[in-house]
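K.L.:
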Amino acid sequence: MKYRYDHIHLRSSDAVAAAQFYVDIFDAREIRRDGSPVVSRVTISLGGVTIFIEQAPDGTTPPSVPPHLGIEHIGLAVDDIEAAYAHVRRHQVEITSGINDVNPNLRTIFIKGPDGVTIELLQRSASI
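The sequence shown runs 1 to 128 under the UniProt record's numbering.
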């Protein structure tokens, strides 16, 4: 049996606004909206990754506070960590961890996305 990646599925208290965050901050591309007149899901493409952002029903609980089991964060590679840091600051995105030099070949930033999603921006050196 062969397996291949298909999508990530997120739930949101405001699927349209969450999708717009990824479009505005990370140049994601909106593929489609499902549901009418109320949008039930927005599908986006982010760096070649398909993400379904589903409108969560009222009363859906917020995510657990890290650390927790399950998906820990989304990692997005960048070519220039300083430029990425300046970009998210300009857009007033909550930065939970400034630039970290994890090792000589890896630099990271952690930010907070919609609905408590943790997003890591990372720059790897060419030697990796």
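The C-beta atom is built at its ideal place from N, Cα and C for all residues, glycine as well.
Quick caveat: nothing in here was measured; it's all calculated off a predicted structure.
1) Which residues does DSSP pair with residue 181 in a beta bridge?
2) Select from V16, I71 and L69 the residue whose C-alpha is nearest the C-alpha of I44.
3) Which parts of the segment 33 to 90 are runs of the alpha helix (DSSP H), unbroken and 4 residues or longer, counting only runs that do not cross its ends?
4) List the residues that DSSP assigns as beta-bridge partners of E30.
5) How big is the Cα-Cα spacing for H7 and T50?
6) Please report the distance separating the alpha-carbon of V93 from that of E30.
7) Based on Cα-Cα distance, which residue from D24, L122 and R11 lies nearest to I99?
8) Which of the three DSSP states, helix, strand or coil, is assigned to D101?
9) By the three-class DSSP mapping on this structure, what secondary structure does Q92 have?
10) When the Cα atoms are used, what is the spatial distance from R33 to Q55?
11) Kindly give me the distance between the Cβ atoms of V117 and I25, rounded to whole angstroms, as I take these residues to be in contact under 8 Å.
12) So, using beta-carbon positions, are H91 and E120 closer together than 7 Å?
13) Would you kindly work out how many angstroms separate the C-alpha atoms of P104 and V78, rounded to a whole number?
P.N.:
Reading it off the structure:
1) With the chain covering 1 to 128 only, the question about residue 181 has no answer from this structure.
2) V16
3) 81 to 90
4) Secondary-structure assignment with DSSP links E30 through a beta bridge to I44.
5) Between H7 and T50, the C-alpha separation is close to 5 Å.
6) 20 Å
7) Per the Cα distances, L122.
8) strand
9) coil
10) 11 Å
11) Rounded, the Cβ-Cβ distance is 12 Å, inconsistent with contact.
12) no
13) 16 Å
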